[in-house]
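Each step along the sequence shown adds one to the number in full-length UniProt numbering, with nothing skipped, and position 89 is 89.
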Amino acid sequence: MTRSQAKRSREEDQNKKTEMEQLDEMTHFEIDEKILPQADEEYKEIKKLVEVNSNEFIESQHQSRDLAPMLNEAKTENSSKPNDFKIKENGMLVKEKIDKNENERELIVEPEKYRDQIKSLCHDSTYGHLGIVKTKDRLARYFHWPNCYKEIEEYVKTCDPCQRV
């Protein structure tokens, strides 16, 4: 082995040791407790939605005056006009829709009680403050209620962080 080969071998060994020490340091880090509550705060709204009791949700759908026409449409079977709304076995009101990709979807029909949370979820969530079109697209993938697009437009137009940009 020549002197240059020996030198290169020592440098490679030293680099490997340094890399191993860095990896070792990375695997033994301590969790910063100050970060966790902040992350927890960020997802508070999402957690509230996940924690919704399905029976309570269905009951609020059936008690909503705003959703009464949709519930009536779902209950009546009219063969001359296709029915977009249906009541599932558990009693939940959904809207059947074909999306932009020709996929059939069931949208959850939201009672008034949960709409502010849904608007916030679709606009303010981890994706950042989306514009009107993207927020509407996000909403249209999963949710529906009367005048939902108009409400989304108003929500985005009155969003303080969006207006500051």
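Here a beta-carbon is modelled for each residue, glycine too, at the ideal position from N, C-alpha and C.
query	result
Rounded straight-line distance, which links the Cα of R164 to that of P82	45 Å
When D66, E73, L93 are compared against N55, the one with the closest alpha-carbon	L93
Among K136, E73, R8, A140, the one whose alpha carbon lies nearest that of K157	K136
As assigned by DSSP and simplified to three states, the class of R10	helix
Where R105 sits in the DSSP three-state scheme	strand
Proximity winner among S4, G131, D66, R138, relative to E112 (alpha-carbon distances)	D66
Proximity below 8 Å, CB of R138 to CB of C122	yes
Straight-line Cα distance separating E12 from N101	54 Å
I98 - partner residues in DSSP beta bridges	E104
Spatial neighbours of I132 in its chain, beta-carbon cut-off 8 Å, leaving aside the 5 residues before and after	I152, E153, V156, K157
Where the alpha helix (DSSP H) containing K157 begins and where it ends	148-157
Close-in-space but distant-in-sequence residues of the same chain around P161 (CB under 7 Å, 5 per side omitted)	H129
CB contact flag (K86, A68, <8 Å)	no
Check whether residue 190 and E110 have beta carbons under 8 Å apart	Outside the modelled stretch of the chain, which goes from 1 to 165, sits residue 190, for which no answer is possible.
One or two residues paired with K86 in a DSSP bridge	V94
N-terminal and C-terminal residue of the alpha helix (DSSP H) that D116 is part of	112-123
Alpha-carbon to alpha-carbon, Q117 and S64	17 Å
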